[in-house]
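In order, the protein sequence lines correspond to chains E and U.
My numbering puts the first residue of the first sequence at 1122, with every later residue one more than the last.
My numbering puts the first residue of the second sequence at 1491, with every later residue one more than the last.
Backbone N, C-alpha and C define an ideal beta-carbon position, used for all residues, glycine too.
This one's a predicted model, so the numbers in the text were calculated from it and none came from an experiment.
Scroll down for the structure; my scribbles are underneath it.
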Amino acid sequence: MRVIKVDELKKAVSGICRSAHYDFDVDLLSLLLVYRERENNEIASDILGIIIENIRLAKESSIPLCQDTGIGIFFVEKGEEVFIEGGSLKQTIIESMAQVYREESLRKSIVSDPLYERLNTGNNLPPVIHWEEVPGDRIKITFLPKGAGAENMSQLRMFNPLATREEIINFIVETVSLAGGNACPPLIIGVGIGGTFDYAPLLAKKALLKPLKALSESTDRSSVDNIERSSTKQSLRERTDKSGEQRNREFWLEMERATLARVNELGIGPLGLGGKTTALQVSIETYPCHIASLPVAVNLQCHSHRFQSIII
Amino acid sequence: MKVIRIDLPLHDDVIQSLKAGDKVLFSGTIYTARDKAHELLVKDIGSGKSLPFVIKQAVLYYTGPIVSDRTGRIISAGPTTSARMDTYTEQLLAAGVRGMIGKGYRSREVIEAIRKYRAIYFSTIGGAGVYLAKRIKAHRLVAFEELGVEAVYELQVEEFPCYVTIDSKGHGIFDNNY
């Protein structure tokens, strides 16, 4: 058993809750710059310029880049061999987040009851926490503060299991189209395919945490070729298995690429005022499912895409 | 893209000269109002109560800003989704509101009401909270303090950027989408 003291945990959680708001992902910034170069719509280019300038201003002055500092979402992967000394893991996460929201002038956006009175809790509590027990003696905690604009335009559909790849792409494109400017494009699009009615949306949310691909990678096949070359030394049987896995991976990468291309043909653009920059990335997570099921969830994320992870 | 500097209040002739797709830079007074404030304002209008600010020719900004605990200033203030205000919009336009600033699309009913009252709808940059807050030079709480982030504030803005999204004739920047 590895012992982790509650104070260490507290420091780690506070750290990611703070930095998620101020340390903007440089890959996302580069993508915005590249897309701005490609944009030939004058309004779209003007808006992207302001979004980029806003990122600079936020970092420079340690001010949240968007006033919607979100509902706190945590993904906790707790090693089976970890013991927390001096307090509870859940309570520590909750209290550390509340402390950061209090100290950092982050907006408190949570109401205590979804329908009855809707009174603000005043401390941004409670967060939503997803738990997973994993082998090992570490804890990985990810903090994703999520604004409501994009979350509200997300969708789930239970497909017929014989639905085609095209029908699923159409559903994703339709979701983005219905969202228009409401979701604050350019978007990051998380898609969860498989699992169950409850699990597909979680997969979609997890997909938002995947690393961003540079624009060239969306069309570059060399990384796929490299993996294929490295497998030629293995036995025939291994090679056959590998190529099945490889084909599977290629299928999903290709579907991400095709979906992104379709979304950017919609012409929605930044703020929904036109242009070809509607999304910067489509990421898909999958899971096995029932013979009679094919759930598909689309979780939209705005360009103020903020999250931080730490491994303790 | 035409860029037009406008001093507020918003006069009828200025509203009618603006076209979907124009960029404007506002200087002067605007008022924040979002979900709950809309409900309360419409309730006050219905019961004939006097309103907390002059609603004639007013420009509303759909936002819930961050006010710094340390400095008391607004530090981040981007727009929220306008569609949530759609059910209350016609009553506010009938009471005198002429400009609305937010993000995203509006309902058919709102577009019709914009045409009827010769009002105008602008988008500003969702997510650009810091950039926009730097153009808010002063603020004053005018109503519904108990709503916290949803209270109504009077803002003094300088060169606050917006894009005409639905003009007074009901034309949208993106007629297919709106």
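Contact with chain E by residue i, beta-carbon distance below 8 Å
i	result
R1560/U	yes
Y1621/U	yes
P1555/U	yes
F1612/U	no
S1658/U	no
G1568/U	yes
T1523/U	Note on residue identity: the sequence assigns Ala, not Thr, to residue 1523/U. Taking Cβ atoms only, chain E never reaches closer than 8 Å to A1523/U, which makes this a no.
K1513/U	yes
G1594/U	yes
I1604/U	no
Listed by chain order, chain E residues near residue i by CB distance under 8 Å
i	result
M1491/U	E1163, I1164, D1167
K1546/U	Residues of chain E passing the Cβ test: none, with the nearest at roughly 28 Å.
A1573/U	N1303
Environment of residue i [buried if 16+ CB atoms lie within 10 Å]
i	result
A1510/U	buried
K1659/U	exposed
R1524/U	buried
I1610/U	buried
N1303/E	buried
S1230/E	buried
N1175/E	buried
F1145/E	buried
N1161/E	exposed
Q1422/E	buried
V1225/E	Here residue 1225/E is Glu; the residue named in the question, Val, does not match the sequence. When all chains shown are included, E1225/E counts as buried.
P1416/E	buried
Y1653/U	buried
A1133/E	buried
R1139/E	buried
H1411/E	exposed
V1345/E	For V1345/E, the pLDDT reaches just 41, beneath the cut-off of 50, and the residue's location in the model is therefore unreliable, leaving the point undetermined.
M1218/E	buried
Interface flag, residue i vs chain U, CB-CB below 8 Å
i	result
I1348/E	With a pLDDT of 41 at I1348/E, under the threshold of 50, the modelled position of this residue cannot be trusted; read the value that follows with caution. Closer than 8 Å: no.
K1126/E	no
R1157/E	no
R1228/E	yes
I1231/E	no
Q1276/E	no
N1291/E	no
P1185/E	yes
C1305/E	yes
Q1188/E	yes
I1171/E	yes
A1179/E	yes
N1083/E	Outside the displayed span of chain E (1122 to 1433) sits residue 1083/E, for which this structure offers no information.
N1385/E	no
N1241/E	yes
9 Å Cβ cut-off: residues of chain E touching residue i
i	result
V1600/U	The contacting residues do not exist; V1600/U stays about 14 Å from chain E at best.
Y1653/U	I1164, D1167, I1168, L1392, L1394
I1663/U	I1164, G1393, L1394, G1395
I1565/U	S1182, I1184, P1185, Q1188, S1226
Residue i vs residue j beta-carbon contact at 8 Å
i	j	result
K1593/U	T1614/U	yes
G1536/U	V1639/U	no
L1622/U	G1589/U	no
I1137/E	I1260/E	no
Y1595/U	G1193/E	no
I1172/E	G1617/U	yes
L1246/E	I1205/E	no
L1387/E	V1294/E	yes
V1255/E	V1419/E	no
I1565/U	I1556/U	yes
V1068/E	I1262/E	Summary: the structure shown does not reach residue 1068/E, with chain E confined to residues 1122 through 1433, and so no result is reported for it.
G1315/E	T1407/E	yes
Y1552/U	T1570/U	yes
L1264/E	Q1429/E	First, the residue type needs correcting, since residue 1264/E is Phe and not Leu in the sequence shown. Going by C-beta atoms, F1264/E is nearer than 8 Å to Q1429/E.
E1644/U	H1661/U	no
L1227/E	P1282/E	no
S1404/E	K1326/E	no
I1309/E	L1329/E	yes
Within chain U, partners of residue i - CB distance below 9 Å
i	result
H1251/E	Result: empty, since nearest Cβ-Cβ is about 25 Å, beyond 9 Å.
N1175/E	G1568, I1615, G1617, A1618, G1619, V1620, Y1621, L1622
Under 7 Å by beta carbon: chain E residues contacting residue i
i	result
I1496/U	Per Cβ cutoff of 7 Å: no residues; I1496/U is ~17 Å from chain E at best.
Neighbouring residues, chain U, relative to residue i (Cβ below 7 Å)
i	result
S1425/E	G1617
Proximal chain U residues relative to residue i, where beta-carbon distance stays under 8 Å
i	result
N1273/E	T1571
Residues, ordered as in the chain, of the segment 1635 to 1646 of chain U that lie near chain E by beta-carbon distance below 9 Å
Against chain E - using a Cβ distance shorter than 9 Å - the residues of the segment 1635 to 1646 of chain U are L1637, G1638, V1639, E1640.
In chain order, what residues of the segment 1255 to 1270 of chain E put their CB closer than 7 Å to some CB of chain U?
Cβ proximity to chain U below 7 Å picks out G1270 from the segment 1255 to 1270 of chain E.
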